[in-house]
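J.: Protein chains in written order, with my numbering: chain A, 43 to 892; chain B, 10 to 175. By construction, the Cβ of each residue, glycine as well, lies at the ideal position given by its N, Cα and C atoms. Keep in mind it's a predicted model, so treat the numbers as computed, not measured.
#1: List the residues of chain A whose Cβ lies closer than 7 Å to the Cβ of residue 94 (chain B), in chain order.
#2: Residues in its own chain within less than 8 Å of residue 782 (chain A) by CB, not counting five upstream and five downstream?
#3: Can you name, in chain order, every residue of its own chain whose Cβ lies under 8 Å from the Cβ of residue 110 (chain B), other than the five neighbours on each side?
#4: Does the CB of residue 164 (chain A) have a neighbour CB from chain B at under 8 Å?
#5: Can you tell me the Cα-Cα spacing of residue 707 (chain A) and residue 698 (chain A), whole angstroms?
#6: Closer than 6 Å by C-beta to residue 638 (chain A): which residues in its own chain qualify, once you throw out the five before and the five after it? Chain order, please.
#7: Should the segment 127-135 of chain A be regarded as contacting the segment 170-177 of chain A, the criterion being three or more beta carbon pairs within less than 8 Å?
#8: Nearest chain B C-beta to residue 161 (chain A) closer than 8 Å, yes or no?
#9: Figure out for me which residue from A:297, A:279, A:333 and A:335 has the closest Cα to the Cα of residue 316 (chain A).
#10: For residue 595 (chain A) and residue 98 (chain A), I'd like the C-alpha separation in whole angstroms.
#11: Taking C-alpha atoms, which residue in A:487, A:234 and A:249 lies nearest to residue 261 (chain A)?
#12: Count the other CB atoms within 10 Å of the CB of residue 81 (chain A); is the residue buried (16 or more) or exposed (fewer)?
#13: First and last residue of the beta strand (DSSP E) that includes residue 426 (chain A)?
#14: By a C-beta neighbour count over all protein chains shown, 10 Å radius and 16 as the cutoff for buried, is residue 20 (chain A) buried or exposed?
#15: Given that residue 308 (chain A) touches chain B, what residues does it touch there, using C-beta distances under 9 Å?
#16: Give a yes or no on whether the minimum CB-CB distance between residue 26 (chain A) and chain B is below 8 Å.
#17: Do you know how far the Cα of residue 303 (chain A) is from the Cα of residue 285 (chain A)?
#18: Quick check: is the beta carbon of residue 283 (chain A) nearer than 8 Å to any beta carbon in chain B?
#19: How far does the beta strand (DSSP E) with residue 285 (chain A) in it extend, from its first residue to its last?
#20: Would you kindly check if the distance between the Cβ of residue 625 (chain A) and the Cβ of residue 875 (chain A) is under 8 Å?
#21: By the DSSP assignment, the beta strand (DSSP E) with residue 332 (chain A) in it spans what residues?
#22: Pull up the distance between the alpha-carbon of residue 67 (chain A) and that of residue 142 (chain A), whole angstroms please.
#23: Evaluate contact between the segment 391-410 of chain A and the segment 365-372 of chain A, counting only Cβ atoms and requiring at least three cross-stretch pairs below 8 Å.
#24: Can you tell me whether DSSP reads residue 782 (chain A) as helix, strand or coil?
#25: Look up residue 253 (chain A) in the DSSP assignment and say whether it is helix, strand or coil.
#26: If we count the other Cβ atoms within 10 Å of its Cβ and call it buried at 16 or more, is residue 662 (chain A) buried or exposed?
#27: State buried or exposed for residue 43 (chain B), treating a residue as buried only when at least 16 other CB atoms are found within 10 Å of its CB.
#28: Does DSSP put residue 555 (chain A) in a helix, a strand or coil?
#29: Output needed in chain order: residues of the segment 838-869 of chain A with a Cβ under 8 Å from some Cβ in chain B.
#30: Hey, how far is the Cα of residue 847 (chain A) from the Cα of residue 336 (chain A)?
#31: Spatial neighbours of residue 241 (chain A) within its chain, please: C-beta separation below 8 Å, excluding the five flanking residues on both sides.
#32: Out of curiosity, what's the CA-to-CA distance linking residue 165 (chain B) and residue 152 (chain A)?
#33: Give me the Cβ distance between residue 668 (chain A) and residue 297 (chain A), rounded to the nearest whole Å; I'm assuming they're in contact under 8 Å.
#34: Once you ignore the five residues that flank residue 282 (chain A) on each side, which residues in its own chain have a CB closer than 6 Å to its CB?
#35: So what does DSSP say about residue 175 (chain B), is it helix, strand or coil?
#36: What residue from A:471, A:655 and A:390 has the CA that sits closest to residue 359 (chain A)'s CA?
Right, dumping it as C-alpha cells:
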C-alpha cells in the first residue's frame, strides 16, 4: 500500500495515499474545489485556473531537517506568495490548504467573470442547462455581476456538426480541453483538436467522416458546458424533466452499466419514451464510459422505423395461410397444445439477447417436455469459460505490471470497445499485451508481442504457444509449424507464462462453432498449463457476439453444429429472439410447426404459425451475465406496453398450461429458482445484485463539475461468479481436434475462403432501427487483398456478386492490404449469410443500367 | 310613520338617479386592471416569429405543474422562432393553473404573458388543456405566419437582446 500522507484542507484533517492531487484529496474529504479542466480520469493540465487555492507547507530547518515549530508547538507553515492550482499539486505531509479564504474567493470570481465574458449565456436553450458545471460553479463561486460589456462578447458559430453524432457550439466552449484530452489520452482517437490560439481558439475535427470515434459520446458527458451535445438528444428535453432507470447495455458482452433517461412525450402519443442513454458508474466494468453503439443504438426498443423494425403488438396465429391477430389465451392454448403433441419433438432455439430468467424458463419448459434446446450463435466455448473463466474480483483496472493479457481472434475495438479501452489503459499501467490475429487490428499498437497466424489456424497458434513452453506436442498443421518455430511466438508464450496474472480474451473472428470451441479449448489449456486460473485477474473471457450468450451457456443452452437439420426434423420449432431465416434464407425451411417469440415481425416470424409478441428489455426486469461472468440486473425504464408480456412470462404461462411448475409472474422469483438449481448462481437474488459499494471517483451526485454527467451507481454493481477452477474443481486439459481442414480444403474453386469478421455498427435488428447511425454503417461489403482483386480484375468499390452457402448477394468490394491473400473478409450481420469460414465465390455483378 | 317611509325611500330615489355600479355582462364588459392575470398568451415578434424558444423554464417554475413543453430544432427553411430551438408542443392545463404568473417571470424572452381573458369554461377536462395554437397570438400586420423561410445566419440567436429583431 502506498505511503499515507496527512494534510489539512480548510481545517479538516485528511489522510490520503502519497501522490494524490489536492483536488482529489479535498473531494474525498467532502470539500469542493471547483474545477473545469481537471477530470479524475485524466492527467491534470491546470489550464482553467479555477482550482486555485492557498497552499502552505511546513517550514523545514535546513540544518536539522526537522519541521520548525511555532512558539505554541505547532508546526510553522509557510504559504506561497500566490495562489496555486489544486489539480496539479500532489499532497505532501503537513500541507495546509485553504480554499475558503477571501483571496481564493476573489481568484475564483475573477476566473468565472473572465470565462463568462465569452460565454453566450443561452442557458435557456442549452442542452446542458440544468446539469452544467459552469452554471453550478457560477452560482456557487461566481461574481454577482460582470464588469464587461455584453455587446463585446465573442460571437462564434453556434451550430457546427462535428460529424453526424456530435454537435459543437463554439461560443459555449470554455477551452478546457477535456474533449481533446479524452480523445487523445483515453480513447486514443485523436480526431479532434485545438485550432488557433487565445480567444480565437476553436475545437475542430480532422477526420473523415467528422469526429470518427466510437467513444465520441463520452465527450458530451465530460464537457463542462454545453459546447458538445449529441445529435440524438438535441433539444429533446431539459435534464430536470427526465426520469432515470438503471439498466445494462444489451449490445455486447461487456455489460456496461447505463441509465435510461425517460420522459412522457406528446410526439409519441403521450407514451413514456427513452430520451437518452447515459453511462452509470461501475469501476469494474465500464468505469464512467460507454461506446457510441450503447449510447445511440437503443432505438430498436421503440419500434417504428422501416422494414421489419415495427414492434409486434398482439399475438398472431396463422389462419387460412395468413397471420391473424388473436387473444393471448387463444395463442397460448394453440402453442401449448402443439407443444404437448410434440413432446420430445420440440426444439427450442434461443438467441443471446435474452435475459437469464427468459433462458432459464425456456430450458425448464423444454426439458419438462423432453425436448431439446439450442443456442443461436456462431461462437462456442461457454462451458470452458464457466470452468476457467476469470476469477471473482477480476477488474481490468487492477491489471498493470505483472499482468499479461492475450487477445486472440478478436478485433476488440470493433467487438467490445470498452474492453479495448480498458486493456489499453492496463498496458499504460505496465501490463503486457499479446495480440494474436490473422490481420492487423487497432489493439496491436499496444501489444508487446504480435502473433500472426493464417485464418483457420487460431487454435493451432495458441497450442503452438503452449508447445513452446512444454514438451507436449500435438500434431500441428503445416502453416503453424513454421509459426511455432518463430521467435516472436516463443517470446510471447514465455512472457505469458512468466507473468504473475494471465488473462485470455478469445473471439470469433474467422471462426464458426467448431473453430471457436477448439480455440476456447486451446486457450483453456494454455491457462491451465501456465497456472493462470482460479484467481482474480486470471482466466478466460469470451468476446461473445451478443450480450447474454454467457448466461445462455450457464443456463444450459448449447449451440448445435447440425442446427439446420435439427430445425427441419423438429416437430415443433420454438424460436425466441433469433432470426435464422433472416440471416440465411436456406434456414427458412422449418419443421412442421413454427412458434416465434419476438419483438419484431422478422423474416422467421413471417413464416411462423404462431407469433408471440414480447416486451423489450427496457420494459421489464431481468439480468444479464457479462463476458466477465458478472451477473447484472436491469430495471424497467418505460412502462410495459399493453398487450405484451415478458419472454419469461410467456414461456412460464405456456408451461403452466402444460402442467409444469414454472414462474410466470416475477423475474425476481425466476432468479431465486436459478439460484437454487444452477450451482454457479447459488446464493444470488435481486437484492444481492442491487448491492453497491462506494466507488472512486465520485460522480453523478450534486457535483457534475468533477466527473461529468455520468450517473452514480446506486442500483447495483452486480455479482461476479466464481468459475469452477476457483471453487476448487479440478480442470483437466483436453486436446481439441483443431483445424482438421486446411485452408485449401475449405476454399472455393477460385481458392478463396470467406472469413467472418465482426463490426461494431452493423445492419443487425438491434442496430439498424437507430437511423442516426446509418451514416456510420457502410453498404454491405467484402474486403479482399488487392493482389487477389487484381487476379479477379476487381477494382476497388466494384459491386460484386458474393455466393456464400448457396446464397448470392450483392456487396461492394473493399480492397485492403491487411487482408491475407486468398481470404475474403465478410462482416457478420451485414446482409451476407456467413456463419463460419466457408468457401466463397465472387464475381463482378452485372452492371444494372439505371 | 309616513315620514319614516319617505325617509327610507329617499335613499332609493337618490340611487335611481346615480350611475349604476353593475354592468350588463356579457353584453357589457368592464376593462381589467393593468396587473390583472388572465389566460396566458404566447407572443410573437413583429415579424411574426414566435418569442417562445421552448426552454421549459415556465414549466419548471410552475408551482401547479400545469405547463408541458416539448422542443425541436429550427432550420432556416422552417423557422418558428429566432435561434436553434422552438417549442413544438406547448400545453397549459387551465384546470391546474393558479394564475400566479411565475411562468411570466421565468420566461427569458417574455414570450408567455398572462393576458386579459378571464372567460375560461370547459365542458370536459380535455378542453381545459390549451395547446400552442390556442395560446399563440395572431400575427400582426407586416408579419408572416410561422414556420417562415428565413435568410441563413440572420436569426441565429435565441435571445435577441429582448428587442424585436428586424
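T.: Inspection of the coordinates gives the following:
#1: The residue given as residue 94 (chain B) occupies position 85 in the second chain. Correct list: 167 and 277.
#2: In the first chain, counting from the first residue as 1, residue 782 (chain A) sits at position 740. Reliability fails at residue 782 (chain A), whose pLDDT of 49 lies under 50, so the model's placement of it is uncertain and the value that follows must be treated cautiously. For residue 782 (chain A), where only same-chain residues beyond five positions count, there are no Cβ hits under 8 Å.
#3: Working through the second chain from its first residue, we reach residue 110 (chain B) at position 101. The beta carbon of residue 110 (chain B) sits closer than 8 Å to the beta carbons of 46 and 123 from its chain, once the five residues preceding and following it are set aside; these are given in chain order.
#4: The sequence position of residue 164 (chain A) within the first chain is 122, counting from 1. So, interface residue.
#5: Working through the first chain from its first residue, we reach residue 707 (chain A) at position 665. Working through the first chain from its first residue, we reach residue 698 (chain A) at position 656. When rounded, the distance between both Cα atoms is 11 Å.
#6: For the purposes of this step, residue 638 (chain A) is identified with residue 596 of the first chain, where counting begins at 1. Cβ neighbours of residue 638 (chain A) beyond the five flanking positions: 617, 646, 647, 650 and 653.
#7: no
#8: Position 119 of the first chain, counted from the first residue, corresponds to residue 161 (chain A). No, residue 161 (chain A) lies away from the interface with chain B (no Cβ there is under 8 Å from its Cβ).
#9: Here residue 316 (chain A) refers to the residue found at position 274 when the first chain is read from its first residue. Minimum Cα distance to residue 316 (chain A) is reached at A:279.
#10: Locating residue 595 (chain A) in the first chain gives position 553, where the first residue counts as 1. Locating residue 98 (chain A) in the first chain gives position 56, where the first residue counts as 1. Roughly 59 Å separates the two Cα atoms.
#11: Counting from 1 along the first chain, the entry for residue 261 (chain A) is found at position 219. Minimum Cα distance to residue 261 (chain A) is reached at A:234.
#12: Position 39 of the first chain, counting from 1, holds the residue named residue 81 (chain A). With 16 or more Cβ atoms within 10 Å of its Cβ, residue 81 (chain A) is classed as buried.
#13: Taking the first residue of the first chain as position 1, residue 426 (chain A) is located at position 384. Element bounds for residue 426 (chain A): not the beta strand (DSSP E) but the alpha helix (DSSP H), 424-430.
#14: There is simply no residue 20 (chain A) to check, as chain A begins at 43 and stops at 892 in what is shown.
#15: Locating residue 308 (chain A) in the first chain gives position 266, where the first residue counts as 1. Simply 77, 79, 97, 98 and 100.
#16: Given that chain A is displayed from residue 43 to residue 892, the structure contains no residue 26 (chain A) and the question cannot be resolved.
#17: For this step, residue 285 (chain A) is matched to residue 243 along the first chain. For this step, residue 303 (chain A) is matched to residue 261 along the first chain. Approximately 5 Å between the Cα atoms of the pair.
#18: As a working mapping, residue 283 (chain A) is identified with position 241 in the first chain. With 8 Å as the cut-off, residue 283 (chain A) counts as an interface residue toward chain B.
#19: Here residue 285 (chain A) corresponds to residue number 243 of the first chain, with the count starting at 1. Per DSSP, residue 285 (chain A) belongs to the beta strand (DSSP E) from 285-290.
#20: Position 833 of the first chain, counting from 1, holds the residue named residue 875 (chain A). Position 583 of the first chain, counting from 1, holds the residue named residue 625 (chain A). Cβ distance < 8 Å, so residue 875 (chain A) and residue 625 (chain A) count as in contact.
#21: Locating residue 332 (chain A) in the first chain gives position 290, where the first residue counts as 1. No beta strand (DSSP E) holds residue 332 (chain A); DSSP gives it neither H nor E.
#22: Translated into positions along the first chain, residue 67 (chain A) becomes position 25. Translated into positions along the first chain, residue 142 (chain A) becomes position 100. Rounded to whole angstroms, residue 67 (chain A) to residue 142 (chain A) spans 16 Å at the Cα level.
#23: no
#24: As a working mapping, residue 782 (chain A) is identified with position 740 in the first chain. The predicted position of residue 782 (chain A) is uncertain, since its pLDDT is 49 and thus under 50; no value can be drawn from it.
#25: Within the first chain, numbered from 1, the residue matching residue 253 (chain A) stands at position 211. Three-state result, residue 253 (chain A): coil.
#26: Taking the first chain and counting its residues from 1, the one referred to as residue 662 (chain A) is at position 620. It is buried - the Cβ of residue 662 (chain A) has at least 16 other Cβ atoms within 10 Å.
#27: Along the second chain, read from residue 1 onward, the residue named residue 43 (chain B) stands at position 34. Exposed, by the Cβ-count rule.
#28: As a first step, residue 555 (chain A) is located in the first chain; it is residue number 513 there, counting from the start. Note: residue 555 (chain A) maps to helix in three-state DSSP.
#29: Under the 8 Å Cβ criterion, the segment 838-869 of chain A contributes no residue.
#30: Taking the first chain and counting its residues from 1, the one referred to as residue 847 (chain A) is at position 805. Taking the first chain and counting its residues from 1, the one referred to as residue 336 (chain A) is at position 294. When rounded, the distance between both Cα atoms is 32 Å.
#31: Position 199 of the first chain, counting from 1, holds the residue named residue 241 (chain A). The beta carbon of residue 241 (chain A) sits closer than 8 Å to those of 160 and 196, all from its chain and outside the five residues before and after it, given in chain order.
#32: Residue numbering aside, residue 165 (chain B) sits at position 156 when the second chain is read from its first letter. Residue numbering aside, residue 152 (chain A) sits at position 110 when the first chain is read from its first letter. Approximately 29 Å between the Cα atoms of the pair.
#33: Here residue 668 (chain A) refers to the residue found at position 626 of the first chain. Here residue 297 (chain A) refers to the residue found at position 255 of the first chain. In this structure residue 668 (chain A) is in contact with residue 297 (chain A), their Cβ atoms being roughly 3 Å apart against a cut-off of 8 Å.
#34: The residue you call residue 282 (chain A) lines up with position 240 of the first chain. Around residue 282 (chain A): 172.
#35: The residue given as residue 175 (chain B) occupies position 166 in the second chain. Confidence in residue 175 (chain B) is poor, its pLDDT being 45 and thus under 50, which makes the residue's placement too unreliable to answer from.
#36: Residue mapping note: residue 359 (chain A) aligns to position 317 of the first chain, counting from 1. Among A:471, A:655 and A:390, the Cα nearest to that of residue 359 (chain A) belongs to A:655.
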